[in-house]
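These notes concern the structure reproduced below.
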Amino acid sequence: MIAYIVRRLLLLPVVIAGVSVLIFSLMMLMSPFSRLALYVRDPDALKQGPEELAEMVEALGLNDPAWVQYTRWMNEVLHGNFGWSESARQPVLQAITRLLPASAELTLYAAFPVVFIGIWLGKKAAVYQDMAIDHVTRVTAIVGWSFPTFVFGILMLLLFYGMHKWFPPGRLSLWASRIVYSETFTSYTGMHTVDAVLNGDLRVLGDALRHLVLPVITLAYVSWALILRLMRSSMLETLRQDYIITARSKGLSERVVVNRHAQRNALLPVTTVAGLMVANLLNGVVVTETIFNFRGLGAFAATAAVQLDMPGILGFSLFNGVLLVVTNLVVDILYASFDPRVRLE
Amino acid sequence: MWILKKLFTRPLSIAGFLLLFCFIVVAVIAPWIAPPQYPHQPYRIPRDGYWAEPKPPSAAHLLGTAEGQYDIFYGVVWGTRTAFRVGLVVTLSGCLIGVFIGSIAAYYGGFIDEILMRIVDIFYTLPFLVAAMVLAVVLGRSLENSMLALICFTWMGYARVIRSEILRIREIDYTQAARALGAGNLRILVRHIIPNALYPVFVMVSMNIGSMVIAVSTLSFLGLGAELGYADWGQMISLARNWMLGSAGDAAAYWFTVVCPGVPIVLFVLSWNLVGDALRDVLDPRMRGSR
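The listed protein sequences derive, respectively, from chains A and B. Counting from 1, one number per residue, gives the positions in the first sequence under my numbering. Counting from 1001, one number per residue, gives the positions in the second sequence under my numbering.
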């Protein structure tokens, strides 16, 4: 077990290096001038004439062989210099650390209903197979899975902001953001709801929650189908096992059989898609934040992509790659420690 | 035969096939129900002036006009063709690449297998949409480029599935029997293993077409896909973004700019998902016997 963890940890830098090579090769498709911004610390340097820029390209060696440039770029990245993001008007690393809490807040609030309601409904659908609840959840899941995030989000916005003004887009109302960014309000985590509770300001908490409702529903609705369907099929398979029949024949109540004997084992395969779910949520965040004008990492990535802001895009992709690699590692290790049948060599 | 019988007795799968059939009909008769204004560029949506504000449905524009006076009805009809093209081309190309790489990995095994599967792992660590966005940006804005970008990041799933299927089938008795009869490696692979390993891939393709249509329309929505004025559902919805709040007196004044292109996307993806769901139930051996 420990040997496996060590091996995976040793493999981690290899995979991350592979990701960086992949990202770098994408970038090499661009002209040297578009790649200049990756190396520049002072944004004003980019506003010079064509001759000066050509000189900079020469000085930074952007016409060198690809592998020379790759080692040079990795060197910069390892020293914490990810370049200047023109779309966010700040260094990439700073933009990511500042915007991360907003996206984390959104994703966490969305992940809870997805996981818990998804698992609960999936269990119900399996236990009551071919009854009303099974059909209803099947249809809702398939319809939800068929909704592009941006269509669903825009419809929500049309209904609950355009027509009813209940839930506005953005992260905070103007008055609330004045409080949050004032001297008296301490920012502990950068997540507005948590900070509001820690500062004891219930009005700001209410305002932050009000802005979170629509993005959270949008992000959750389109990704809960996966967990629900998986939990259902896994539960169906478990309920057919011999030990369930044994449990029933011992005279245990159906509730104990389902909740104690079946559910635990049915949950195992579901944990393996956690990595996939994180990837799904990350994709969803890009679109959701753009629609609701929610200033987080996803919106940052979308603007960076549209404005051809290469350093911004690269920083975001690298961040995502590392996040996913680590998630998958944690999931695999957890899975192995949950299930004694999984042997790791 | 029992497969067809099973496919056409479940209400949800019938609904899926019916919906799909309707879309095929619309795609085929597009030139008759929405005659192109520019015969050489049928995918260019005709405009009625350059006024920004969308106009509600009328006799001249059955579903109204979007921002910039693009005719919504025309875009929805020809967008059906775009959706079929995008979904089929992206999914099938990704599938071909994946099957090719997965088969090679399984066939040669050892070092080559290890290398190819690590490459698959690396591609998997990039979030699909973001990676496709980056490549679409690098290649430049057009529908073809966004399709290419998606193809580059969809093949990995097929490679993994076909590889594990081949490894599984290689050990099954009938493969051993063929080997005992003296069949060569290539013959066993092409005649016995790949045809049997293709079922799960087939199901994956039908389940993925819908997601690919969503992905391409998302790229278009973000401004990285089809050019402005191209008959593409995602692009038409992006034209509606600025008009969400309605006009002064009527908050829902421009609902049609979202709903008219939005409904076809959802139904199109839904039809493929229903068909895919039905195919999986029928073809997946583990599901046989259960309902």
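Note that beta-carbon positions come from the ideal geometry of N, C-alpha and C, so glycine has one too.
Beta-carbon of residue i versus every beta-carbon of chain A: anything under 8 Å?
i, result
"Ala-1013(B)", "Reading off the sequence, residue 1013(B) comes out as Ser, not Ala. It does not: the Cβ of Ser-1013(B) has no partner Cβ on chain A nearer than 8 Å."
"Trp-1255(B)", "yes"
"Phe-1221(B)", "yes"
"Gly-1262(B)", "yes"
"Gly-1110(B)", "no"
"Phe-1008(B)", "no"
"Thr-1125(B)", "yes"
"Leu-1224(B)", "yes"
"Val-1026(B)", "no"
"Leu-1020(B)", "no"
"Ile-1101(B)", "no"
"Met-1244(B)", "yes"
"Asn-1273(B)", "yes"
"Asp-1121(B)", "yes"
"Ser-1217(B)", "yes"
"Arg-971(B)", "The structure shown does not extend to residue 971(B), since chain B spans only 1001 to 1291, so no value can be given for it."
"Arg-1118(B)", "yes"
Provide the residue span of the alpha helix (DSSP H) that contains residue i, from first to last.
i, result
"Thr-184(A)", "Looking at the DSSP string, Thr-184(A) is not in any alpha helix (DSSP H), and its letter there is neither H nor E."
"Phe-24(A)", "2 to 27"
"Asp-207(A)", "202 to 221"
"Asp-1277(B)", "1255 to 1283"
"His-135(A)", "132 to 146"
"Met-348(A)", "Past the edges of chain A, shown from 1 to 345, lies residue 348(A), and the structure says nothing about it."
"Glu-1171(B)", "Run containing Glu-1171(B): none; DSSP gives neither H nor E here."
"Met-191(A)", "Counting along the chain, Met-191(A) falls outside any alpha helix (DSSP H), and DSSP gives it neither H nor E."
"Tyr-1199(B)", "1194 to 1221"
"Gly-1075(B)", "1072 to 1108"
"Ala-1015(B)", "1011 to 1028"
"Glu-237(A)", "224 to 239"
"Ile-154(A)", "149 to 157"
"Arg-178(A)", "174 to 180"
"Pro-311(A)", "310 to 338"
Residues in its own chain within less than 7 Å of residue i by CB, not counting five upstream and five downstream?
i, result
"Gly-1289(B)", "Because the pLDDT at Gly-1289(B) is just 43, under 50, the model does not fix this residue reliably, and the point stays unresolved."
"Gly-1157(B)", "Gly-1098, Met-1204"
"Val-1089(B)", "Met-1147"
"Phe-319(A)", "Ile-96"
"His-1057(B)", "For clarity, residue 1057(B) is Pro in the given sequence; the question names His instead. Cβ neighbours of Pro-1057(B) beyond the five flanking positions: Leu-1063, Gly-1064, Phe-1256."
"Met-30(A)", "Met-310"
So that I know if they touch, is there some Cβ in chain B lying closer than 8 Å to that of residue i?
i, result
"Ile-142(A)", "yes"
"Glu-345(A)", "Confidence at Glu-345(A) is low in this model, with a pLDDT of 47, below 50, so the placement of that residue should be treated as unreliable; the coordinate-derived value is given next. False, the Cβ-Cβ gap to chain B never drops below 8 Å."
"Thr-218(A)", "no"
"Gly-321(A)", "yes"
"Asn-283(A)", "yes"
"Ala-302(A)", "yes"
"Phe-316(A)", "yes"
"Met-235(A)", "no"
"Thr-238(A)", "no"
"Gly-18(A)", "yes"
"Thr-290(A)", "yes"
"Ile-245(A)", "no"
"Ala-305(A)", "yes"
"Val-127(A)", "no"
"Ile-313(A)", "yes"
In its own chain, which residues sit with a C-beta less than 6 Å from the C-beta of residue i, not counting the 5 before and 5 after it?
i, result
"Val-15(A)", "Val-325"
"Ala-1131(B)", "Phe-1153"
"Pro-113(A)", "Ala-220"
"Leu-198(A)", "Tyr-188"
"Tyr-1124(B)", "Met-1156"
"Ile-119(A)", "Met-231"
"Asp-1113(B)", "Ala-1105"
By Cβ distance, which residues of its chain are closer than 8 Å to residue i, with the 5 residues on each side in sequence left out?
i, result
"Val-57(A)", "Pro-32, Phe-33, Leu-36, Asn-63"
"Val-1026(B)", "Ile-1033, Val-1077, Thr-1080"
"Val-322(A)", "Ile-16, Val-19"
* To do: Using a Cβ-Cβ cut-off of less than 9 Å, give me the residues of the stretch 1127 to 1155 of chain B that come near chain A, in sequence order.
  => Pro-1127, Phe-1128, Leu-1129, Val-1130, Ala-1131, Met-1133, Val-1134, Leu-1135, Ala-1136, Val-1137, Val-1138, Leu-1139
* Near-chain B residues of the stretch 145 to 161 of chain A - C-beta to any C-beta below 8 Å -> Trp-145, Ser-146, Phe-147, Pro-148, Thr-149, Phe-150, Val-151, Ile-154, Leu-155, Leu-157, Leu-158, Tyr-161
* If you measure beta-carbon to beta-carbon, which residues of the stretch 1051 to 1082 of chain B are closer than 9 Å to chain A? -> Hits within the stretch: zero.
* Which parts of the stretch 241 to 265 of chain A are runs of the alpha helix (DSSP H), unbroken and 4 residues or longer, counting only runs that do not cross its ends? -> 242 to 249
* To do: Write down every uninterrupted run of the beta strand (DSSP E) in the stretch 66 to 100 of chain A whose length is 3 residues or greater and which is fully enclosed by it, in chain order.
  => none
* To do: Taking a Cβ distance cut-off of 7 Å, strictly less, list which residues of the stretch 88 to 122 of chain A are near chain B, in chain order.
  => none
* Return the residues of the stretch 4 to 35 of chain A that lie within a Cβ-Cβ distance of less than 7 Å from chain B, sorted by chain order. => Val-15, Gly-18, Val-19, Leu-22, Leu-26, Leu-29, Met-30
* **Proximal residues, the stretch 252 to 285 of chain A versus chain B, C-beta separation under 8 Å** => Ala-279, Leu-282, Asn-283
* Can you list, in chain order, the residues of the stretch 1224 to 1239 of chain B whose Cβ is nearer than 7 Å to any Cβ on chain A? -> Leu-1224, Ile-1237
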